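Keeping their order, the protein sequence lines are chains A and B.
The opening position of the first sequence corresponds to residue 1 in UniProt numbering, with each subsequent residue numbered one higher.
The opening position of the second sequence corresponds to residue 1 in UniProt numbering, with each subsequent residue numbered one higher.
For glycine and all other residues, C-beta sits at the position ideal for the given N, C-alpha and C.
Because the structure is a prediction, the values reported are computed rather than measured.
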Amino acid sequence: MEIFSNLALGFATASTLGNLGFCLIGVLLGTLIGVLPGIGATATIAMLLPITFQLGDPVSALIMLAGIYYGAQYGGSTTAILINMPGESSSAVTAIDGYQLARRGRAGTALAVAAIGSFFAGTISTFLVALFAPPLTIIALKFGAAENFSLMIVGLVSSVALAHGSVIKALCMLALGLLFGLVGTDVFTGVPRFILGISAYTDGLSFVAVAIGVFGVAEILRNLESERTREVMQTTISGLLPTREEMKAIVGPVLRGTGVGSLLGILPGGGAILAAFASYTIEKRLSKSPEEFGRGAIAGVAGPESANNAGAQTSFIPMLTLGIPANPVMALMIGAMIIQGIVPGPNVASEQPALFWGIIASMWIGNIMLVILNLPLIGLWVRLLKVPYYVLFPIIMAFCAIGVYSVNSNPYDLFAVAGFGLLGYILVKLHCEPAPFLLGFVLGPMLEENLRRAMKLSHGDPMTFVTRPISATLIAIAILVLVVVLLPSVRKKRDEVFVEEEG
Amino acid sequence: MKLNRRSALGLALSCGMAWATSGWAQTYPERTVTLVVPFAAGGSTDLVARVLAASMSKDLGQQVIVENVAGAGGNLGAGQVARAEPDGYTILMGTVATHALNPLMLKTKPYDPQKDFAPVSLLVLVPNVLMVNPELPVNSVQELVDLLKANPDKYSYASSGNGTPLHLSGELFKSMAGVEMQHIPYKGAGPALNDVIGNQVPIMFDNLPSSSSHIKAKTLKGLGVTTKERASSFKELPSIDETVKGYETYTWNALFAPAGTPPENVARLNKAALAALSDPDVKARMGEFSATIVGSTPEELGKHVQAEMAKWEPIVKSVGVTLD
Numbered sequence: 001m002e003i004f005s006n007l008a009l010g011f012a013t014a015s016t017l018g019n020l021g022f023c024l025i026g027v028l029l030g031t032l033i034g035v036l037p038g039i040g041a042t043a044t045i046a047m048l049l050p051i052t053f054q055l056g057d058p059v060s061a062l063i064m065l066a067g068i069y070y071g072a073q074y075g076g077s078t079t080a081i082l083i084n085m086p087g088e089s090s091s092a093v094t095a096i097d098g099y100q101l102a103r104r105g106r107a108g109t110a111l112a113v114a115a116i117g118s119f120f121a122g123t124i125s126t127f128l129v130a131l132f133a134p135p136l137t138i139i140a141l142k143f144g145a146a147e148n149f150s151l152m153i154v155g156l157v158s159s160v161a162l163a164h165g166s167v168i169k170a171l172c173m174l175a176l177g178l179l180f181g182l183v184g185t186d187v188f189t190g191v192p193r194f195i196l197g198i199s200a201y202t203d204g205l206s207f208v209a210v211a212i213g214v215f216g217v218a219e220i221l222r223n224l225e226s227e228r229t230r231e232v233m234q235t236t237i238s239g240l241l242p243t244r245e246e247m248k249a250i251v252g253p254v255l256r257g258t259g260v261g262s263l264l265g266i267l268p269g270g271g272a273i274l275a276a277f278a279s280y281t282i283e284k285r286l287s288k289s290p291e292e293f294g295r296g297a298i299a300g301v302a303g304p305e306s307a308n309n310a311g312a313q314t315s316f317i318p319m320l321t322l323g324i325p326a327n328p329v330m331a332l333m334i335g336a337m338i339i340q341g342i343v344p345g346p347n348v349a350s351e352q353p354a355l356f357w358g359i360i361a362s363m364w365i366g367n368i369m370l371v372i373l374n375l376p377l378i379g380l381w382v383r384l385l386k387v388p389y390y391v392l393f394p395i396i397m398a399f400c401a402i403g404v405y406s407v408n409s410n411p412y413d414l415f416a417v418a419g420f421g422l423l424g425y426i427l428v429k430l431h432c433e434p435a436p437f438l439l440g441f442v443l444g445p446m447l448e449e450n451l452r453r454a455m456k457l458s459h460g461d462p463m464t465f466v467t468r469p470i471s472a473t474l475i476a477i478a479i480l481v482l483v484v485v486l487l488p489s490v491r492k493k494r495d496e497v498f499v500e501e502e503g
Numbered sequence: 001m002k003l004n005r006r007s008a009l010g011l012a013l014s015c016g017m018a019w020a021t022s023g024w025a026q027t028y029p030e031r032t033v034t035l036v037v038p039f040a041a042g043g044s045t046d047l048v049a050r051v052l053a054a055s056m057s058k059d060l061g062q063q064v065i066v067e068n069v070a071g072a073g074g075n076l077g078a079g080q081v082a083r084a085e086p087d088g089y090t091i092l093m094g095t096v097a098t099h100a101l102n103p104l105m106l107k108t109k110p111y112d113p114q115k116d117f118a119p120v121s122l123l124v125l126v127p128n129v130l131m132v133n134p135e136l137p138v139n140s141v142q143e144l145v146d147l148l149k150a151n152p153d154k155y156s157y158a159s160s161g162n163g164t165p166l167h168l169s170g171e172l173f174k175s176m177a178g179v180e181m182q183h184i185p186y187k188g189a190g191p192a193l194n195d196v197i198g199n200q201v202p203i204m205f206d207n208l209p210s211s212s213s214h215i216k217a218k219t220l221k222g223l224g225v226t227t228k229e230r231a232s233s234f235k236e237l238p239s240i241d242e243t244v245k246g247y248e249t250y251t252w253n254a255l256f257a258p259a260g261t262p263p264e265n266v267a268r269l270n271k272a273a274l275a276a277l278s279d280p281d282v283k284a285r286m287g288e289f290s291a292t293i294v295g296s297t298p299e300e301l302g303k304h305v306q307a308e309m310a311k312w313e314p315i316v317k318s319v320g321v322t323l324d
C-alpha cells in the first residue's frame with residue numbers, strides 16, 4: 001500500500017540523527033515555552049523564523065518548528081495542572097479539573113493522564129493526517145475563492161458557537177477583530193485603509209504584534225495585578241501512575257477527545273482550543289457523575305488534553321495540503337516554508353514527499369520524546385516557576401519585543417504590541433474574550449479577499465456560492481451549526497459549562 | 001594651460017584630498033555593512049540578496065548582513081535607506097518596483113529614486129513568464145491572443161498584486177496585443193499560483209524563478225517569457241516578443257547607497273558586487289534561479305534607472321494604476 005511506503009519515507013527522513021536532534025530541540029523549547037506564562041508557540045516560532053533560514057534544510061527547520069508547537073501544548077498543560085496557570089490558551093480547560101486534582105495531592109495522576117491522553121491522541125491523529133492528507137490534496141485543488149469564502153464562514157460560525165461566555169460579547173469581539181483586520185492596503189484597488197497616515201501600517205497590522213499584545217502582554221498585566229496571590233505548589237507529587245480503574249475510566253474520554261480534536265483541528269481558527277472546550281462539554285454531558293466536573297474529574301483532564309493534542313496535529317492538514325493556515329502557528333509555518341523556497345500549497349505532498357511525510361513522521365517521534373521528557377522534568381519546571389514574577393515578566397517582555405521586531409524590523413509593530421496589550425487588558429477586565437477577536441482579525445481579511453475575488457470571477461453573480469457544490473455544502477454546514485447553537489437546550493448546556501469554568 | 005598660484009594650490013590641495021580620501025577608502029569597510037531588502041524573507045529579491053551578500057562579504061572582508069524591511073511594496077525599506085547615514089554602511093537591494101514603478105504610481109512620494117540614491121551596480125535581470133492552466137486550449141502566445149480576441153472579457157489573469165511588475169506586465173500585454181482580460185490580484189505569487197494550478201483563474205504572469213518548477217512539472221503551461229531574448233534556463237520557451245512585437249518587461253535587482261555616500265565607498269561596493277557576480281557559486285545559484293547576471297558601473301545604473309522610468313511612465317499612465 002502506498003501509505004506504508006510514504007510513511008517509511010517519512011520515518012527515514014525524520015529519524016536521521018540531525019532531524020532527531022532538531023525534533024528534540026523543538027519539543028524541548030516548546031515545553032519550556034509552554035511552561036512560561038505569557039509567551040507562546042506563536043512568539044517562539046516567530047522569533048526562530050529568521051534562524052531557520054540558516055538551517056538550509058527545510059525539513060529540519062519545519063520539524064523543529066512543529067516540535068515547538070506541540071511541545072508547547074504539553075508544557076502548557078503541566079503548569080495548568082500544577083499551579084492553575086495555563087501556559088497555552090488551549091490548556092485553559094485542563095486547568096479546571098487538573099488543578100483540583102493537584103490540590104488533592106493527585107497531581108501525578110493528572111499529569112500522567114494528560115501525558116497518556118496526549119500521546120494516544122497524537123498517535124491516532126498522526127495516522128489520520130497520513131491517511132487523509134493525500135485525498136484532501138485532490139479536494140484542495142477544487143477550492144477556489146468561493147469555496148474559501150464559505151470555509152471561512154464555517155470557521156467563524158463554529159468559533160462563536162463554541163466560544164465560552166456571552167454570545168453577544170463573542171460576536172462583538174469577532175466584529176472588532178474583523179475591523180482591525182481591515183487596516184492596510186486593499187488588495188484589489190491598492191488603496192490604503194485606516195492606516196492613520198502611518199505608512200508602516202500599509203501592509204496591515206502585524207499578526208504577531210496583535211497576538212502578543214492581546215494575549216501575552218494582557219496576560220502579564222493580569223498576572224502582575226495578582227502577584228501576591230500567586231500560588232506555588234507546596235505539596236509533593238506522589239503516586240505518578242493512575243490506578244487500573246482510572247485507566248479504564250479514561251479510555252472513553254480519550255477516544256472521544258481524539259475524535260473531536262481531530263475534526264476541529266482541521267477547521268481554520270484555533271481548532272485546538274475549540275476542541276478542548278468541545279471535549280469538556282461532551283464529557284460532562286456523558287458523565288454519570290457530572291457534579292464531579294470542576295472538582296477534579298479525571299475525564300475532565302483526559303478528554304480535553306487528548307482533544308487539544310489531536311487538534312494541534314490535524315491542524316497541519318490544511319497547512320500541508322491547501323497552504324491555508326488553520327491557526328497563527330500554521331501561518332508562521334507557512335512563512336517558514338516560503339523562506340525555504342517552498343510554495344505551500346497542494347503540491348507540497350507530491351513535490352516534496354520527503355518534507356511532507358518527514359513532518360508527519362516527526363510528529364509521532366516528537367510525541368514519544370515528549371512523554372519521555374516531560375514526566376521526569378516536572379520537578380524542574382516547578383522550580384523554574386518559582387522564579388519571582390518581577391524577574392520573569394521583564395524577561396518575557398524583552399523576548400516578546402525581540403520576537404515582534406525581528407519579523408519585519410518595523411518599530412511600529414512594537415507600538416502595536418503596546419496598544420493591543422492595553423486593549424487586551426481592558427477586554428479581560430470587561431470579561432470579553434480575546435480569542436474571537438484574534439479569530440476575526442485573522443479571518444476578516446481572508447473573508448473579504450475571497451468574497452471579492454469570487455464575485456470578480458463570477459462577474460458579479462452571488463449565486464456562485466451556492467452553485468458550486470463544495471461551497472454550497474460548506475454554507476449548509478455553517479447554517480446547521482448556527483441552528484444547533486440557537487437551539488435552547490444546547491445553549492443551556494453551553495452556558496453551564498462555561499460559567500463554572502470562569503469561577 | 002597656464003598655472004597660476006591659486007590653481008596650483010588648488011591642484012595640490014585636491015591631490016592631497018584625493019590621497020587622504022583614498023587612504024580612508026582603503027579602510028572602508030571597517031564594520032558590518034547592512035544590506036536592506038525591502039521585501040519579506042523568502043522572496044526572489046531576498047534570495048538574490050542573500051546569495052550576493054555571502055559572496056560580497058568575502059571580497060569586502062566584512063560581513064554584509066541582510067535585513068528585511070518589508071512593507072508598502074518595497075517603499076518602507078527603500079525610504080529607510082534613502083534617509084540613512086550616507087557612509088556606505090547601509091545599502092539597498094533595489095528593484096524595478098522601488099526605483100521605477102512605485103515612484104511613478106505613488107501620489108505622495110516617500111523618496112526620489114534618482115536624487116535620494118547613489119547608484120552602485122546593476123546586478124541581475126529576472127524574466128517574467130506568461131503561463132496558463134494546462135486545461136486552457138492554447139499552446140502558444142498566438143493561440144492565447146486568438147482565444148482572448150474571440151472571447152473578450154471572458155477570461156481573467158492572476159498576478160502577485162496590484163501595481164506589481166507582474167500586474168503591469170499583464171496590462172502591457174493587453175494593450176500591445178489588443179486583448180481584454182480581467183485582472184485578479186493576490187497577496188503574493190504563492191496564492192495566485194495555487195489558484196492557477198487549480199484552474200480557478202486560467203492565466204497568470206509571474207517571475208520565472210517562482211514558477212519554473214511548475215512549468216517543469218507541467219502543472220502549468222509556459223507560453224512565453226517577457227524578455228526579448230529567451231531565458232538561458234528555458235531555451236524551449238519562446239519570448240512573447242516573437243509574437244507580440246516589441247513587448248518587453250522584466251524584473252531587475254540593483255544595489256543603491258544613500259545619496260551623498262563617498263564615491264570611494266561606492267566604488268569599493270561596486271568592486272565587491274562585480275566580484276560577487278563573477279563568483280562561480282553565485283553564477284550557479286543565479287542560473288538555477290533563471291536570473292541573468294548583468295553587473296554595471298554606478299553611472300550605467302544611474303542611466304538604467306532613468307531609462308526604466310522613461311519606459312514605464314507611459315505604460316503606468318495608460319493603465320491608470322495609482323497608489324496612495
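Asked: The region 192-201 of chain A in contact with the region 451-463 of chain A per 3-pair CB rule at 8 Å; Found: no
Asked: Own chain residues within Cβ distance below 7 Å of residue 111(B), not counting five before or after; Found: 78, 79, 82
Asked: Local conformation of residue 260(B) per DSSP, three classes; Found: coil
Asked: Buried versus exposed, by CB contacts within 10 Å (16 or more), residue 437(A); Found: buried
Asked: Euclidean distance between Cα positions of residue 374(A) and residue 47(B); Found: 39 Å
Asked: Backbone secondary structure at residue 153(B) - three-state DSSP; Found: coil
Asked: Rounded straight-line distance, which links the Cα of residue 172(A) to that of residue 444(A); Found: 13 Å
Asked: Neighbour flag for residue 409(A) against chain B, beta carbons, 8 Å; Found: yes
Asked: Residue 142(B) versus residue 44(B): straight-line alpha-carbon distance, rounded; Found: 29 Å
Asked: 6 Å CB neighbourhood of residue 296(B) in its chain, flanking five on each side removed; Found: 121, 122
Asked: Exposure label - residue 459(A); buried when at least 16 CB within 10 Å; Found: exposed
Asked: 9 Å Cβ cut-off: residues of chain A touching residue 63(B); Found: In chain order: nothing, as chain A lies at least about 13 Å away.
Asked: Neighbourhood of residue 428(A) by C-beta, 7 Å cutoff - its chain only, sequence neighbours within 5 removed; Found: 218, 222
Asked: Segment contact flag, the region 147-158 of chain B with the region 200-208 of chain B, C-beta cutoff 8 Å, min 3 pairs; Found: yes
Asked: Beta carbon proximity, residue 170(B) to chain A, threshold 8 Å; Found: no
Asked: Supposed close pair residue 130(A), residue 360(A) - CB separation, criterion 8 Å; Found: 5 Å
Asked: Chain-order list of residues whose beta-carbon lies under 7 Å from that of residue 248(B) (same chain, five-residue window excluded); Found: 226, 227, 228, 241
Asked: Nearest residue (CA-CA) to residue 423(A), options 336(A), 210(A), 224(A), 77(A); Found: 210(A)
Asked: Contact list for residue 85(B) against chain A, beta-carbon separation under 8 Å; Found: Going along chain A, no residue has its Cβ under 8 Å from residue 85(B), so there is no contact; the nearest lies around 17 Å.
Asked: Secondary structure of residue 143(A), DSSP reduced to three states; Found: coil
Asked: Three-state secondary structure assigned by DSSP to residue 238(B); Found: coil
Asked: Beta carbon of residue 63(A) nearer than 8 Å to that of residue 350(A); Found: no
Asked: Supposed close pair residue 309(A), residue 118(A) - CB separation, criterion 8 Å; Found: 4 Å
Asked: According to DSSP, residues forming a beta bridge with residue 112(B); Found: According to DSSP, which records beta bridges pairwise, residue 112(B) is partnered with nothing at all.
Asked: Residue from 246(A), 302(A), 288(A) whose Cα sits closest to the Cα of residue 257(A); Found: 302(A)
Asked: Close beta carbons around residue 186(A), own chain, < 8 Å, minus the five adjacent residues each side; Found: 192, 193
Asked: For residue 224(B), the three-state DSSP class (helix, strand or coil); Found: strand
Asked: Contacts of residue 189(A) in chain B (Cβ-Cβ under 8 Å); Found: 162
Asked: Local conformation of residue 181(B) per DSSP, three classes; Found: coil
Asked: Outcome for residue 307(B) when other beta-carbon atoms lying within 10 angstroms are tallied against a minimum of 16; Found: exposed
Asked: Residue 184(B): contacting residues in chain A (beta-carbon distance under 8 Å); Found: 453, 456, 457
Asked: Closer than 8 Å to chain A by CB, residue 69(B); Found: yes
Asked: Top-ranked residue by Cα proximity to residue 261(A), from 312(A), 297(A), 142(A); Found: 312(A)
Asked: Buried versus exposed call for residue 171(B) [16 or more other C-beta atoms within 10 Å across all chains shown]; Found: buried
Asked: Anticipated Cβ contact below 8 Å, residue 59(A) with residue 355(A), distance rounded; Found: 5 Å
Asked: Interface flag, residue 509(A) vs chain B, CB-CB below 8 Å; Found: The first residue shown for chain A is 1 and the last is 503, placing residue 509(A) beyond what the model contains.
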